[in-house]
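Residue numbers (the numbering used here), protein chains in the order written: chain A, 1149 to 1346; chain B, 1149 to 1346.
Ideal Cβ positions, reconstructed from N, Cα and C, are used throughout, including at glycine.
Notes follow the structure.
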DNA sequence: CTACTACTATGACGGCCGTCATGACCGGTG
DNA sequence: CACCGGTCATGACGGCCGTCATAGTAGTAG
């Protein structure tokens, strides 16, 4: 949330992600990004000669890395090392934000996919890579929690997909119920995948 | 897909949904809608005096009703009356489209949520209503399949959320794998909810 | 000092957008 | 016939957008 950290370039990438996840890619103007990042407008063309496309792609990549790092930190700090606890923590990040800050924004990767998957190939690839990064982090966490290797990828996809969908519904409803519901319903299935021999 | 059916007004609503689910709300121009619907541009202001906002909201509502009707028809024609079969059928609608027509479009309700949830209150409400309609239809179907009443709503939310997220990932990856994965992984959990006394 | 690079500033351009104003068409009714 | 309401057609307006051109300002190396 703090804007003043780091250089202006990183601030602009961060601000782009913020604006994209709020109103979608097309509604996030370059001028808005500069203002939000408290960066000079002229710096946009200097740091991002590839234009808006480059800025959006970097914002999506940043979001993917952020989500992956977050998962890695979650799994290291779980009170109970169970897959359901990891998923609950991933969901809680969103319920916390929605309860305290309001339902302003969704997932920037989802927004980029919706707005650019068909029109801008490079952005679709960036979104795919972001999902892959995120999913890889979740799969590794599941492995550390005792899920057999051959199931970690599938369950990671299930967790991320379910989370993304619940975010959508929660934002439409302005109600975190969808998030808490999927966390509660999916938990037992995830824990059931833990190798009992572990 | 056929454009010539029905009156120009319905065609425009249908075309709006098509364009929205392809490129997002902001990228779907009013002129594009008229062209896609093979309708005169002048008719837009006649049938939709509320402007683009009204058109988008009606498109979202149409999508919600369409999805709900679809579920009702699915459940009546299931070879095996199990919740997992219903979910598999809901997923198959998307894998079929992606395999035959390509990954052009996602869910219009998701697109409207991403692009308008924060900026246009009425559209957010329309999206929420669409999810509610859809979810209600799924919940009723689950009840008919033997799921206890107190769990139908939660499982319907889980199914729709998971499907929406998987659509996102599949479109980003240009690969139906996410869809087939969630169908396979979620199936057992859904069937386990069937009242064994039924 | 000069020269050069990195960064900042600002105005303009062309394009697309949603909306509106205006008027034509056309079937039916009086 | 005149009239009129539903429908279609078209051009214009103002606004925002991404991009570009141009010029300015450090700060630093030679």
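Next item on the list: Using a cut-off of 7 Å between C-beta atoms, extract the partners of residue 1311 (chain B) located in chain A.
Entry: Taking the first residue of the second chain as position 1, residue 1311 (chain B) is located at position 163. Residues of chain A passing the Cβ test: 1313.
- What is the rounded straight-line gap between the Cα of residue 1255 (chain A) and the Cα of residue 1296 (chain B)? In the first chain, counting from the first residue as 1, residue 1255 (chain A) sits at position 107. In the second chain, counting from the first residue as 1, residue 1296 (chain B) sits at position 148. Each residue's Cα considered, the two are about 33 Å apart.
- Message: Does chain B have any CB closer than 9 Å to the CB of residue 1179 (chain A)?
- Response: Mapped onto the first chain, residue 1179 (chain A) falls at position 31. No, residue 1179 (chain A) lies away from the interface with chain B (no Cβ there is under 9 Å from its Cβ).
Are any of the Cβ atoms in chain B nearer than 9 Å to that of residue 1337 (chain A)?
Start at 1 with the first residue of the first chain, and residue 1337 (chain A) comes out as number 189. True, the Cβ-Cβ gap to chain B drops below 9 Å.
Taking 7 Å as the limit between beta carbons, can you name the residues of its chain near residue 1187 (chain B), skipping five residues before and five after?
Taking the second chain and counting its residues from 1, one reaches residue 1187 (chain B) at position 39. The answer, listed in chain order, is 1156, 1159, 1160.
(message) Can you pull out the residues from the segment 1226 to 1255 of chain A whose beta carbon lies closer than 8 Å to at least one beta carbon of chain B?
(response) Within the segment 1226 to 1255 of chain A, the qualifying residues are 1251, 1252, 1253, 1254.
Residue 1217 (chain B): buried (16+ other C-beta within 10 angstroms of its C-beta) or exposed?
Sequence index remark: in the second chain, residue 1217 (chain B) carries index 69 (1-based). Residue 1217 (chain B) comes out exposed.
- request: Excluding the 5 residues preceding and the 5 following residue 1184 (chain A) in the sequence, name in chain order all residues of the same chain whose CB lies nearer than 7 Å to its CB.
  value: Locating residue 1184 (chain A) in the first chain gives position 36, where the first residue counts as 1. Cβ neighbours of residue 1184 (chain A) beyond the five flanking positions: 1163, 1166, 1167.
**Message:** Among the candidates A:1275, A:1282, A:1261, whose CA atom is the shortest distance from the CA of residue 1301 (chain A)?
**Reply:** Sequence index remark: in the first chain, residue 1301 (chain A) carries index 153 (1-based). The residue with the shortest Cα to Cα distance from residue 1301 (chain A) is A:1282.
Residues near residue 1220 (chain B) by beta carbon distance below 6 Å, same chain, minus five either side: Here the question's residue 1220 (chain B) lines up with position 72 in the second chain. Answer for residue 1220 (chain B): 1285, listed in chain order.
Next on the checklist: Counting only beta-carbon separations shorter than 9 Å, does residue 1173 (chain B) have a partner in chain A?
Outcome noted: Sequence index remark: in the second chain, residue 1173 (chain B) carries index 25 (1-based). At least one chain A Cβ lies under 9 Å of residue 1173 (chain B).
ask   = Which residues in the same chain as residue 1310 (chain A) place their Cβ atom closer than 7 Å to its Cβ, once the five residues preceding and following it in sequence are excluded?
value = As a first step, residue 1310 (chain A) is located in the first chain; it is residue number 162 there, counting from the start. So the qualifying residues of the chain are 1330, 1334.
*residue 1151 (chain A) by DSSP, collapsed to three states: which one?*
Sequence index remark: in the first chain, residue 1151 (chain A) carries index 3 (1-based). Low confidence applies to residue 1151 (chain A): its pLDDT is 39, below 50, so where it sits in the model is not reliable enough to give any reading.
Mind the definition here: the segment 1256 to 1269 of chain A touches the segment 1220 to 1229 of chain A only if three or more C-beta pairs lie below 8 Å; say whether that holds. no
Going by CA-CA distance only, name the one from B:1232, B:1192, B:1305, B:1243 that's closest to residue 1339 (chain B).
The sequence position of residue 1339 (chain B) within the second chain is 191, counting from 1. Nearest C-alpha to residue 1339 (chain B): B:1232.
Same chain, Cβ closer than 7 Å to residue 1291 (chain A), five either side skipped, listed in chain order: Sequence index remark: in the first chain, residue 1291 (chain A) carries index 143 (1-based). These residues qualify, in order along the chain: 1297, 1300.
**Asked** If you draw a straight line from the alpha carbon of residue 1294 (chain A) to that of residue 1239 (chain A), how long is it in whole angstroms?
**Response** The count along the first chain starts at 1 and reaches residue 1294 (chain A) at position 146. The count along the first chain starts at 1 and reaches residue 1239 (chain A) at position 91. Going from the Cα of residue 1294 (chain A) to the Cα of residue 1239 (chain A) covers about 21 Å.
Just verifying my parser: in three-state terms, what is the DSSP assignment at residue 1340 (chain A)? As a first step, residue 1340 (chain A) must be located in the first chain, where it is residue number 192. Of the three classes helix, strand and coil, the one that applies to residue 1340 (chain A) here is helix, per DSSP.
What residues in the segment 1209 to 1223 of chain B have a beta carbon less than 8 Å from any beta carbon of chain A? none
Inter-residue spacing [alpha-carbon to alpha-carbon] between residue 1325 (chain A) and residue 1207 (chain A) = Position 177 of the first chain, counted from the start, is the residue given in the question as residue 1325 (chain A). Position 59 of the first chain, counted from the start, is the residue given in the question as residue 1207 (chain A). Going from the Cα of residue 1325 (chain A) to the Cα of residue 1207 (chain A) covers about 29 Å.
Quiz item: With a cut-off of 9 Å, does the C-beta of residue 1158 (chain B) fall near any C-beta of chain A?
Solution: On the second chain, position 10 is the one that residue 1158 (chain B) refers to. No, residue 1158 (chain B) lies away from the interface with chain A (no Cβ there is under 9 Å from its Cβ).
**Request:** Could you check what DSSP says for residue 1288 (chain B) in three-state terms: helix, strand or coil?
**Result:** Along the second chain, read from residue 1 onward, the residue named residue 1288 (chain B) stands at position 140. The three-state reading of DSSP puts residue 1288 (chain B) in helix, counting H, G and I together.
### Task
Compute the Euclidean distance between the alpha carbons of residue 1272 (chain B) and residue 1245 (chain A), then round it to the nearest angstrom.
The residue you call residue 1272 (chain B) lines up with position 124 of the second chain. The residue you call residue 1245 (chain A) lines up with position 97 of the first chain. Answer to the nearest angstrom: the Cα atoms are 19 Å apart.
So residue 1219 (chain B) is in the alpha helix (DSSP H); what residue range does that whole segment cover? Residue numbering aside, residue 1219 (chain B) sits at position 71 when the second chain is read from its first letter. Per DSSP, residue 1219 (chain B) belongs to the alpha helix (DSSP H) from 1199 to 1224.
Requested in this report: Just mark residue 1151 (chain B) as buried or exposed, buried being the case when its beta carbon has 16 or more other beta carbons within 10 Å.
Outcome: By 1-based counting over the second chain, the position of residue 1151 (chain B) is 3. Here the model assigns residue 1151 (chain B) a pLDDT of 39, short of 50, so the residue's position is not dependable, and the following value carries that caveat. By the neighbour-count rule (16 or more Cβ atoms within 10 Å), residue 1151 (chain B) is not buried but exposed.
Practice problem: With a cut-off of 8 Å on the beta carbons, I'd call residue 1341 (chain B) and residue 1303 (chain B) a contact; round off their distance for me. | Solution: Here the question's residue 1341 (chain B) lines up with position 193 in the second chain. Here the question's residue 1303 (chain B) lines up with position 155 in the second chain. A Cβ-Cβ distance of about 6 Å is found for the pair residue 1341 (chain B) and residue 1303 (chain B), placing them in contact under the 8 Å criterion.
Requested in this report: Assign residue 1189 (chain A) to buried or exposed, taking buried as 16 or more other Cβ atoms, counted over all protein chains shown, within 10 Å of its Cβ.
Outcome: For the purposes of this step, residue 1189 (chain A) is taken as the residue at position 41 of the first chain. So residue 1189 (chain A) counts as exposed.
- Please confirm whether residue 1320 (chain B) and residue 1257 (chain A) have their CB atoms less than 9 Å apart. Residue 1320 (chain B) sits at position 172 when you count from the first residue of the second chain. Residue 1257 (chain A) sits at position 109 when you count from the first residue of the first chain. Contact flag set, yes.
| said: Spatial neighbours of residue 1247 (chain A) within its chain, please: C-beta separation below 8 Å, excluding the five flanking residues on both sides. | reply: As a first step, residue 1247 (chain A) must be located in the first chain, where it is residue number 99. Closer than 8 Å at the Cβ level, and outside the excluded window around residue 1247 (chain A), lie 1324.
*Taking the CB atoms as reference points, tell me whether residue 1118 (chain B) and residue 1211 (chain B) lie closer together than 9 Å.*
Not covered by the structure: residue 1118 (chain B). The range shown for chain B is 1149 to 1346.
Of all the beta strand (DSSP E) runs that stay within the bounds of the segment 1289 to 1337 of chain A, which reach a length of 3 or more residues?
Runs of the beta strand (DSSP E) inside the segment 1289 to 1337 of chain A: none found.
Report task. Report, in whole angstroms, the separation of the C-beta atoms of residue 1175 (chain B) and residue 1174 (chain A), which I expect to be a contact under 8 Å. Result -> Counted from its first residue, the second chain places residue 1175 (chain B) at position 27. Counted from its first residue, the first chain places residue 1174 (chain A) at position 26. Residue 1175 (chain B) to residue 1174 (chain A), Cβ: 6 Å. Contact.
8 Å CB neighbourhood of residue 1259 (chain B) in its chain, flanking five on each side removed
The count along the second chain starts at 1 and reaches residue 1259 (chain B) at position 111. Here the set comprises 1168, 1169, 1172, 1173.
For residue 1209 (chain B) and residue 1200 (chain B), what's the separation of their Cα atoms in angstroms? Taking the second chain and counting its residues from 1, the one referred to as residue 1209 (chain B) is at position 61. Taking the second chain and counting its residues from 1, the one referred to as residue 1200 (chain B) is at position 52. Distance between the alpha carbons of residue 1209 (chain B) and residue 1200 (chain B) is about 14 Å.
- Message: For a cutoff of 9 Å on Cβ pairs, would you count residue 1343 (chain A) as touching chain B?
- Response: For the purposes of this step, residue 1343 (chain A) is identified with residue 195 of the first chain, where counting begins at 1. Answer no: the Cβ-Cβ gap between residue 1343 (chain A) and chain B never drops below 9 Å.
9 Å is my cut-off, CB to CB: does residue 1289 (chain B) come that close to chain A? In the second chain, residue 1289 (chain B) corresponds to position 141, counting from 1. Closer than 9 Å: no.
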